[in-house]
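One structure is given below, encoded as structure tokens.
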Amino acid sequence: MIKKIFVLLTMVGLFAVLYPLISHFEYSENLSELASKYVTGSVEDLKSQNVVTSVIVTYRGLDTLGEVTVLFLATAGIGFLLGKRKGKKRKSSELLQTTSSFLMGLIILFGVYIFTHGHLTPGGGFQGGVIIATAFLLLILTDVNMKINHTILQVVEAFSGAFYVGIGIVGLVLMIGFLNPEIIPLGKFGYLFSAGAIPIIYSLVGLKVGAELTNILDTMRGE
Amino acid sequence: MISTIIIVGLGIIMIIAGLVAIHLKNLLAAIITTGVISLFASVIYLILGSPDVAMTEATIGSGLTTIIFLYALNRVRKENDND
Amino acid sequence: MIFALILGFVLLLIGIYGMLSQRNLIKIVIGFSIADTGVHIIIVAVGYLRNRTAPILDSAVSIKDAVNQVVDPIPSALVLTAIVIGLAVTALMLSFVVELVKKGNSLSIDKYQELKW
Chain A
1 MIKKIFVLLT
11 MVGLFAVLYP
21 LISHFEYSEN
31 LSELASKYVT
41 GSVEDLKSQN
51 VVTSVIVTYR
61 GLDTLGEVTV
71 LFLATAGIGF
81 LLGKRKGKKR
91 KSSELLQTTS
101 SFLMGLIILF
111 GVYIFTHGHL
121 TPGGGFQGGV
131 IIATAFLLLI
141 LTDVNMKINH
151 TILQVVEAFS
161 GAFYVGIGIV
171 GLVLMIGFLN
181 PEIIPLGKFG
191 YLFSAGAIPI
201 IYSLVGLKVG
211 AELTNILDTM
221 RGE
Chain B
224 MISTIIIVGL
234 GIIMIIAGLV
244 AIHLKNLLAA
254 IITTGVISLF
264 ASVIYLILGS
274 PDVAMTEATI
284 GSGLTTIIFL
294 YALNRVRKEN
304 DND
Chain C
307 MIFALILGFV
317 LLLIGIYGML
327 SQRNLIKIVI
337 GFSIADTGVH
347 IIIVAVGYLR
357 NRTAPILDSA
367 VSIKDAVNQV
377 VDPIPSALVL
387 TAIVIGLAVT
397 ALMLSFVVEL
407 VKKGNSLSID
417 KYQELKW
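Residue numbers (the working numbering), protein chains in the order written: chain A, 1 to 223; chain B, 224 to 306; chain C, 307 to 423.
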């Protein structure tokens, strides 16, 4: 009983704290100064069509590096907690296996398309990486005995992380700033080979996220 | 105008789904209902002008999170059966 | 968009209520997941501006006047990374749940009293 009263009191308190967020809400008509600088800078300085991508990869690049590190730490924690266990062997349908191995290549190709076009269309490294992880999910769902080689996943993850930091250090050596995409010529606005190093960095992020999420899925599966 | 109607309609469904997910006794049904909330949230992000977030929410929120919940439920049930 | 803001607010409260009132470990993680979605909707709704389009500067937006035609890109970038981290945190919480059940053989949080005062 006393627990229910405490829960109720907490809910009332949270409502009172958050209510001004709604009652004092005002429509703004213009972008803030920082946001308009990002929008104009994305066209003039970076030649990238997708402003969200330029914010993630360049203006807030250090945050993204930290975020990828947090993802790695969570993956390591899950691998530490849930070790491998042996399960019963079961045969799966041949029709399912043939279809899924045919679809897998197409899904991976779609993921690669999403993260290489991250600076032109909606999408990018995180979404493309998740799509690649779903291709492997299809494989381990249809074939119960499928074993995913964790060494290859770790090598892909380690190399993409190291290259990501390496691109940042190249910017430091050339004295234009950490993770600055102008280490490569910027190119023409709106083309695939544009925006300097942004497509390369986002592709590395995509590979890293894809390898990490595949690792999480395979560890959670057990068996 | 039409976007307001869509947001209000989807919002009512999402709030009902949230209450149902909290109170259902059946864990499998509760997990699927949580996936439905994420799927409708991705439509709302699209209306609010952020297609990048909509893509991420549709793949991660309603896809991978549901699968990871189901795998965890499967392992928990196996542990309870063994002992 | 005030309705989206209210929706996110209500989902946040539902999620926190679920986390506090439910006794089942998986239900607590479900409550966390709902509260997470609510916070993301609040942040995106704060960055929305009326009668504007997505911050992607293709043929739908004139590049010279882009500042007056697109919504705020910063909340989108923040929420995008927050969703990916949310998945990793949820997976970590679920692996803790699996490990607890392995040791204690129960899904009810009342059975785990080692740290209770």
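Don't be surprised by glycine CBs; every beta carbon is placed ideally from N, CA and C.
From F25(A) to A341(C), what distance separates their C-alpha atoms?
21 Å
Just to confirm the assignment, what range does the alpha helix (DSSP H) spanning H395(B) have?
As displayed, chain B neither begins before 224 nor continues past 306, which places residue 395(B) out of reach and without an answer.
So V43(A) and L363(C) are supposed to be a Cβ contact under 8 Å. How far apart are they, rounded?
6 Å
Going straight from the alpha carbon of S401(C) to that of T219(A), what length do you get?
10 Å
I'd like to confirm the pairing. Which residues does DSSP put opposite T359(C) in its beta bridges?
V376(C)
For T75(A), tell me which candidate among K370(C), A397(C), A383(C) and L331(C) has the shortest Cα-Cα distance.
A397(C)
Is it true that the CB of S203(A) sits closer than 8 Å to the CB of G123(A)?
no
Tell me N50(A)'s beta-bridge partners as DSSP assigns them.
Looking at the DSSP assignment, N50(A) forms a beta bridge with I362(C).
So that I know if they touch, is there some Cβ in chain F lying closer than 8 Å to that of F338(C)?
The chain inventory of the structure shown lacks chain F, comprising the protein chains A, B and C.
Nonlocal neighbours in the same chain, by C-beta distance under 7 Å from R358(C), ignoring five residues either side
Hits under 7 Å: Q375, V376 and V377.
Taking C-beta to C-beta, are T69(A) and L179(A) nearer than 8 Å?
no
Would Q375(C) count as contacting chain B if we go by Cβ distances under 8 Å?
no
Is DSSP giving G187(A) helix, strand or coil here?
strand
Is the Cβ of I225(B) closer than 8 Å to any Cβ of chain C?
no
Coarse secondary structure for N330(C), derived from DSSP in three states:
strand
Which residues, in order along the stretch 262 to 282 of chain B, keep a beta-carbon less than 7 Å from a beta-carbon of chain C?
A264, I267, Y268, L271, G272, S273, P274, D275, V276, T279 and E280
Rounded to whole angstroms, what's the CA-CA distance from L296(B) to S261(B)? Just pull it up for me.
19 Å
Would you list, in chain order, the members of the stretch 309 to 334 of chain C that have their beta-carbon closer than 8 Å to a beta-carbon of chain A?
L311, I312, F315, L318, L319, I322, Y323, L326 and S327
Can you list, in chain order, the residues of the stretch 360 to 391 of chain C whose Cβ is nearer than 7 Å to any Cβ on chain A?
Of all residues in the stretch 360 to 391 of chain C, only P361, I362, L363, D364, I369, A372, V373, V376, D378, P379, I380, S382, A383, L386, T387, V390 and I391 come within less than 7 Å of chain A when Cβ atoms are compared, listed by chain position.
At the 8 Å Cβ level, is T40(A) part of the contact set with chain C, yes or no?
yes
Just checking: is the beta-carbon of V395(C) within a distance shorter than 8 Å of some beta-carbon in chain B?
It does not: the Cβ of V395(C) has no partner Cβ on chain B nearer than 8 Å.
Which class does S36(A) belong to by DSSP, given the choice of helix, strand or coil?
helix
I'd like to know if A35(A) contacts chain C, where contact means its C-beta is closer than 8 Å to some C-beta of that chain.
yes
T99(A), buried or exposed, once every other Cβ within 10 Å from all chains shown has been counted against 16:
Classification for T99(A): exposed.
Under the assumption that T10(A) contacts L326(C) (Cβ atoms under 8 Å), give the Cβ distance between them as a whole number of angstroms.
Taking the Cβ atoms as the reference, T10(A) lies roughly 6 Å from L326(C), within the contact range of under 8 Å.
One or two residues paired with S414(C) in a DSSP bridge:
N330(C)
Between I239(B) and I255(B), what straight-line distance do the alpha-carbon atoms span, to the nearest angstrom?
Roughly 14 Å separates the two Cα atoms.
Contact criterion: CB-CB distance below 8 Å. Does V299(B) meet it with respect to chain C?
yes
Is it right to say D275(B) is buried, meaning 16 or more other beta carbons lie within 10 angstroms of its own, or is it exposed?
buried
Just to make sure I have the definition right: I need the residues of chain A whose C-beta is within less than 8 Å of the C-beta of E420(C). Which are they?
Those do not exist, as E420(C) stays about 18 Å from chain A at its closest Cβ, beyond 8 Å.
Going by DSSP, what residues sit across from S194(A) in a beta bridge?
DSSP, once it has assigned bridges, lists G187(A) as partnering S194(A).
Give a yes or no on whether the minimum CB-CB distance between V231(B) and chain C is below 8 Å.
yes
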